[in-house]
Ligand code: ADP
Ligand code: ADP
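Numbering (our numbering), first residue to last: 73 to 308.
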């Protein structure tokens, strides 16, 4: 269970997130919708500690996330894998290496500098790519792939972290409808088969309706809707 307790985040005079309280049970598939500027990214970034709340706190399985530091913080950031709109791959490196980069949080800094991956890790990376149906691209430079393929590489990289949660910030906003479907299908499949919580910011309500069991609507930094897609249909 992820608990967001009365969390506020300010940037100067802007209140990006304003008194948000949410409980998200393990294994839920959650879509956060709202206009640009509603506070969706800020909320996701606070969950994995890219930024900290100005007020309030976030708990996971009873542990306060803002109290983590050093190796426990690294472990938390491995537990919640991020997916971004612009994929955030290293374009000049091959796909397999990009996927292996998902293992870096598992290691000490010294080992990272050596930049050596074990046979087991390579096998794991290949099977993650197979799972996303893009193993044939393993040796290509990531930057040469289509957007839909790149996002699948990013999901494979996330799986290498063996996360409890995937936090996806507008994962399909840069994709055409066909690739958007492939990526959302992949996220749902991972959620259903592995019980990984998926929390995804989306800008289209239809996508949230089709894929998410719970929809959280945000406006002006606040939660203005929280319920099942069916409830939203009735109100609309
Ligand atoms: P959304 O993801 O819903 O588009 P954001 O969380 O990105 O919303 O932004 C919420 C508000 O906070 C916006 O007004 C945005 O300009 C502001 N904001 C977000 N990040 C920063 C930042 N690093 N510095 C200043 N303002 C920010
Ligand atoms: P998103 O597309 O996820 O809403 P944005 O394009 O709003 O993200 O923000 C991209 C980056 O710029 C983020 O790191 C965010 O924190 C930062 N940012 C957003 N709004 C502002 C702002 N008003 N001032 C400074 N930084 C901002």
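No residue lacks a Cβ here, since even glycine has one placed at the ideal position from N, Cα and C.
query	result
6 Å Cβ shell around residue 156 - same chain, five flanking residues per side excluded	241
With 16 other Cβ atoms within 10 Å as the buried cut-off, status of residue 209	buried
Alpha-carbon spacing of residue 172 relative to residue 142, whole angstroms	22 Å
Cut-off 7 Å between Cβ atoms - residues of its own chain near residue 260, not counting five sequence neighbours on either side	101 and 283
Validate contact between the stretch 289 to 296 and the stretch 90 to 105 using beta carbons, cut 8 Å, 3 pairs	yes
Boundaries of the alpha helix (DSSP H) in which residue 151 is found, first to last residue	142 to 151
Near ligand 1: residue 85 beta-carbon under 6 Å from a heavy atom	no
Check: residue 114 C-beta below 6 Å from any heavy atom of ligand 1	yes
Three-state secondary structure (DSSP) of residue 114	helix
Inter-residue spacing [alpha-carbon to alpha-carbon] between residue 213 and residue 225	11 Å
Whole-angstrom distance between residue 117 and residue 105, CA atom to CA atom	15 Å
Assigned exposure category for residue 74 - 16 Cβ within 10 Å defines buried	buried
Residues bridged to residue 172 [DSSP beta-bridge criterion]	According to DSSP, residue 172 bridges with nothing at all.
Residue environment, residue 133, which counts as buried when at least 16 other CB atoms sit within 10 Å	exposed
Element boundaries [beta strand (DSSP E), containing residue 294]	294 to 299
Inter-residue spacing [alpha-carbon to alpha-carbon] between residue 308 and residue 121	Caution is warranted here: a pLDDT of 47 is assigned to residue 308, below 50, making its placement in the model unreliable, and no coordinate value can be reported.
C-alpha distance - residue 83 paired with residue 190, whole-angstrom precision	42 Å
Same chain only: Cβ atoms within 7 Å of residue 126, ignoring 5 sequence neighbours per side	80, 81 and 82
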